[in-house]
Each structure stands twice: as C-alpha cells, then as structure tokens.
Amino acid sequence: MPSSGQRGCRPAYRGLRLLPGPQSACDTRALAPTYRGALGPKAQSSRELFTPPLYKQRYQFVKDLVEKYKPKKVADLGCADCRLLWMLKFCSCIEVLAGLDISASVMEEKMHTLSPLPFDYLQPSERSLTVTLHHGSVAHKDPCMLGFDLVTCIELIEHLEESELKKFPEVVFGFMAPSMVVISTPNSEFNPLLPGVVLNRHPDHKFEWNQAQFQSWALEAARCYDYSVEFTGVGHPPKGMENVGFCTQIGVFVRKYPRSGGSVQYEKPTEAVYKTVFKAVYPSLKDEKYLQNAVVSEVIFTAQNIKHHLMSKHKECDDDPERKSEFQPSVNSFSDYLGKLVVDKAMEPFVNGNEVCIPLAAIFSFPKVNQLCGTFEKLCKLIAGKVTLSSDGSAVVFNTEHETEED
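Here it is in structure tokens:
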C-alpha cells in the first residue's frame, strides 16, 4: 500500500462525527458497485451489489450537496464520461461547470451530452450556464480552475501515481482553494464483501485505503490548508458488519476562512497548461438576444389568446348584425379572461373594423410578460419593430379581414 503522500500523517480519525448519507441510500440486498472512469454500469450489471448502483449513489450525494449549498461554480476533477456533469447541469443554481480529465478520448465520446438541446433555445433559462471540459492532470496548476465554489473528486485519487498524489493537496486545496471539496475513494475494508475482488477493485487502482488511512491523509491535508473535514460514505455494509464502514468512503472538506488579500497567496501560473476540448454556452434570458425572442413570442402568444377570446364573443352576435357592428368587449368579460385581474379602460381590447387591438398595458399585466420585462418601458423597447403595433404604439394590432372571409 503506498504512503498517503503527506508528511506526519497520523490516524487521528476516531470519534469523528459522520455526516448523514444521501436520502437515496441503498438497501443492503443490493448489487455491485460500478467504478467511475473505469467500468460503466453495463459492464458491471452481472455483479451488481447495490441498489441504486453505487456510482449513482455517489453522484446523488454530490447533487444533494449542490441542492443544499447552492454553489454557482462547480468543477469535477476526473470527470471521465461526464455523467456527473450531465446530472449537475440541471441544477438551477449552477452557472459554471468545468470538467478535467487525463483522457481526452473518454471525454470526447460523451461530451455531446453536455451540449444545449433544441428545447434550451426554444425556452431559454433565466440563469446563464457555461460548460467547459479540459484535458490535463490534477497534478498541474491552471488558472482556469480558480474561483470555484465546489470541486468534486469522485473515485479519482486511487488512480493517481504516488508522485501525483503528493502534488494533489497543494493543487486542489492550496491553489484552487474552493469553498468546498468532495473526495470519494474505495474503502478497502469492504473489499472482502465484494464478489471477485482479491486485492483492488480495478487494475488501474494504484492503491485502496482503509478508513484509517483515508481519514489520516484527509485530516493532514485539511490541517495544512485551513479546511475542516467530515467523513461519510455511500454503500452501507450488511447488518452486523457496520465496523467495515461504507463501500465508498467520502470526505467533505470546507474551507475555514475566505481567501482574501491578507491570506497566504500561493504561486499563480501565468500560462494555461490544460487544453480546452469542449465549451458550450447555453442560451439564457440574461442575453438580450434570447430575452427579446422570448418576450416577442410571449407577447404574440398572449395577444393571440386575447384576440381569440374576443372573436369568440364577437361570433356570438352573428345572428344580430347590428349588435355585431356595435360589439365591444366589456371590462368584466376581459377581467374574467385575465383571471379576475383588475383592469381599467386603457387595458380594454377593442375591435375597429377588421382590426383587433390589444393594448400593451393589458399584455404587460400578464405575469409571464411582466416577469420577463420587469418594466413597461423595457417591454416597448424589446418588441419595437418585431410586432405590429397601432399608430401610437400603444396596442398590438391583428387584421381579421382574411379570417372573416374564411368564416
């Protein structure tokens, strides 16, 4: 078993409070763990031992932390096939997602799953989201990894050579210095309970630590770089064998003090060493181009609905041509359509010959339009030249001449 890669490590792990496991913790009838970046769920299906599969429990653990602490910038080191990044892109709090892996080919196979879908363009999110993948080693420093709130290292450290493991704490805790770090690794004490495991769970694992070794290494790293650490895991042991611990052991590190001008400053490289292999910027309502498209679509949709309501009322008067020519919708009928919203005369839609006019004031009163624009002035600005308006610009105008002919 290789050393921890830290000077003066000691097994000061007894008496530590364990964090609660995720709500999706498995039952112990369950099936075999799958190993991130090594064996996928299909390759492990015949020897599964946990339900849900262990890799899903690890990802769910991270997602639960994200939903609790709401980080805006998250980096996944050893991102492999991008499964965790794909899962996290749906978390509404995240605005920046970054992945790093030593294997560009593994990332390239699945990076398309991180691209925006047609739906993302049809209904842009209110938040901005940028997803970037980098090819490089966790033993090297790159300024693109600065400023993150959360860094995850799921089943990563056991794949590192001893020289890389020695550099890892300085790179992650000293240089990147995120607010929170999550590190998971196999617990070797659980291995005798896994079918077919003789020494390590995967041939690429350079080591697998027991609970004392992992906690000793983690406590020393936390001490050196002003972090606190708590231990938990996923994959519960069978009843009566709780002493072996979780199948996957997890350390959750939290930075004690915010980085400031007065804190210890670590050397910052001036040149990038990682190669960017993928970048996707999702459409967002924070971009005025997408906001304008969304507002124009919502205005037309809302105005069309009001027009259809008016025309259906108008058709009720078909048997009485005189009443039809004099028809104007009442404030009450319009208020009913708006869901009992209080409206005034300026908000009443009206029919003028072959034209139906829907005041912008009425359209702006609809919650979705109001939410998108914020102010009436911004509504007018965003739809200018995109929607047919009355001569004074106060109403959306529809010509019903052809509709009348078809009827």
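Using numbering that gives the first Met the number 0, the letters of the sequence shown map in sequence onto residues 0 to 406.
Cβ atoms here follow ideal geometry from the backbone N, Cα and C, with glycine treated the same way.
The structure presented is a predicted model; accordingly, all values stated were derived computationally and were not measured.
Q. To which residues does DSSP link His134 through a beta bridge?
A. Looking at the DSSP assignment, His134 forms a beta bridge with Asp100 and Lys274.
Q. Opposite Ile357 in the DSSP bridges: which residues?
A. Ile357 pairs with Val395.
Q. Arg82 to Phe230, Cα distance in whole Å?
A. If you draw a straight line from the Cα of Arg82 to the Cα of Phe230, it is about 24 Å long.
(Q) Can you confirm whether the segment 95-112 touches the segment 240-254 when touching is taken to mean that 3 or more C-beta pairs between the two stretches lie within less than 8 Å? (A) Taking a cut-off of 8 Å on C-beta distances, the segment 240-254 does not touch the segment 95-112, as fewer than three cross pairs fall below it.
Q) Since Gly159 is in the beta strand (DSSP E), which residue starts that stretch and which ends it? A) Contrary to the premise, residue 159 reads as Leu rather than Gly in this sequence. First-last for Leu159: undefined, no H or E at that position.
Q. Given Ser162, which residues of its chain have a CB within under 7 Å of its CB, disregarding the five upstream and five downstream residues?
A. Result list for Ser162: empty, nothing under 7 Å.
Q. If Pro358 sits next to Ala394, beta carbons under 8 Å apart, how far is it from one beta carbon to the other, in whole angstroms?
A. Indeed, because the Cβ distance is near 5 Å, the residues count as touching under 8 Å.
Q | Burial state of Lys278, where buried means 16 or more other Cβ atoms lie within 10 Å | A | When all chains shown are included, Lys278 counts as exposed.
**Q.** Simplified DSSP assignment, three categories, for Gln122
**A.** When DSSP states are grouped into helix, strand and coil, Gln122 belongs to the coil group.
Q: Report the option in Asp75, Lys285 and Phe349 whose CA atom is closest to the CA atom of Glu147.
A: It is worth fixing the name first, because residue 147 is Phe in this sequence and not Glu. Closest by alpha carbon: Asp75.
Q: List the residues that DSSP assigns as beta-bridge partners of Asp75.
A: The partner list for Asp75 (beta bridge, DSSP) reads Gly98 and Thr151.
Q | Beta-carbon gap between Glu354 and Val396 smaller than 8 Å | A | Closer than 8 Å, so yes.
Q: Go to Ile382, then tell me how far its alpha helix (DSSP H) extends in each direction, as first and last residue.
A: Unbroken alpha helix (DSSP H) run through Ile382: Phe375 to Ile382.
(Q) At the level of alpha carbons, what is the spacing between Leu378 and Leu121? (A) Distance between the alpha carbons of Leu378 and Leu121: 19 Å.
Q: May I have the straight-line CA-CA distance separating Val253 from Phe300, to the nearest angstrom?
A: Rounded to the nearest angstrom, the gap between the Cα atoms of Val253 and Phe300 is 48 Å.
Q) Rounded to a whole number of angstroms, what is the C-alpha to C-alpha distance between Asn199 and Asp63? A) Distance between the alpha carbons of Asn199 and Asp63: 29 Å.
Q) Can Leu96 and Val73 be called in contact, C-beta distance under 8 Å? A) In this structure, Val73 lies closer than 8 Å to Leu96 by Cβ.
(Q) Is it buried or exposed, Asp203, if we count other Cβ atoms within 10 angstroms and call 16 or more buried? (A) Around the beta carbon of Asp203, fewer than 16 other beta carbons lie within 10 angstroms, which makes this residue exposed.
Q. By Cβ distance, which residues of its chain are closer than 7 Å to Met175, with the 5 residues on each side in sequence left out?
A. The residues Met144, Leu145, Phe147 and Val150, in chain order, have a CB closer than 7 Å to that of Met175 in the same chain once the five nearest residues on each side in sequence are set aside.
Q: Just the C-alpha distance for Ile153 and Val171, rounded to the nearest angstrom, thanks.
A: Ile153 and Val171: Cα-Cα distance of roughly 13 Å.
Q) Taking the beta strand (DSSP E) that Arg200 falls in, what are its first and last residues? A) Annotation for Arg200: no beta strand (DSSP E) segment contains it, and DSSP assigns it neither H nor E.
Q: Indicate the three-state DSSP secondary structure (helix, strand or coil) for Met179 in the structure shown.
A: In the structure shown, Met179 falls within a strand segment according to DSSP collapsed to helix, strand and coil.
Q. Given that a residue counts as buried once 16 or more other Cβ atoms are within 10 Å of its Cβ, and exposed if not, what is Ala220?
A. Ala220 counts as buried, since at least 16 other C-beta atoms from the protein chains shown sit within 10 angstroms of its C-beta.
(Q) If you follow the beta strand (DSSP E) that Val253 is in, where does it begin and where does it stop? (A) Element bounds for Val253: Thr247 to Arg254.
Q: Return the chain-ordered list of same chain residues with a C-beta closer than 8 Å to the C-beta of Lys385, the five sequence neighbours on each side being excluded.
A: For Lys385, where only same-chain residues beyond five positions count, the Cβ hits under 8 Å are Gln291 and Val295.
Q | Contacts around Cys90, its chain only, beta-carbon distance under 6 Å, and the 5 residues preceding and following it disregarded | A | Answer for Cys90: Val65, listed in chain order.
**Q.** Boundaries of the alpha helix (DSSP H) in which Ser215 is found, first to last residue
**A.** Here the alpha helix (DSSP H) through Ser215 covers Gln210 to Cys223.
Q. If you follow the alpha helix (DSSP H) that Phe206 is part of, which residue opens it and which one closes it?
A. Unbroken run through Phe206: none, as it is neither H nor E.
Q | Reduced DSSP category for Leu371 - H, G, I as helix; E, B as strand; rest coil | A | Leu371 falls in the helix class under three-state DSSP.
(Q) At the level of alpha carbons, what is the spacing between Lys413 and Gly135? (A) In the structure as shown, the chain starts at 0 and stops at 406, and residue 413 therefore has no counterpart that could be examined.
Q.
Which residue wins for smallest C-alpha separation from Leu381, given the options Glu287, Asn351 and Ala302?
A. Relative to Leu381, the option among Glu287, Asn351 and Ala302 whose CA is nearest is Glu287.
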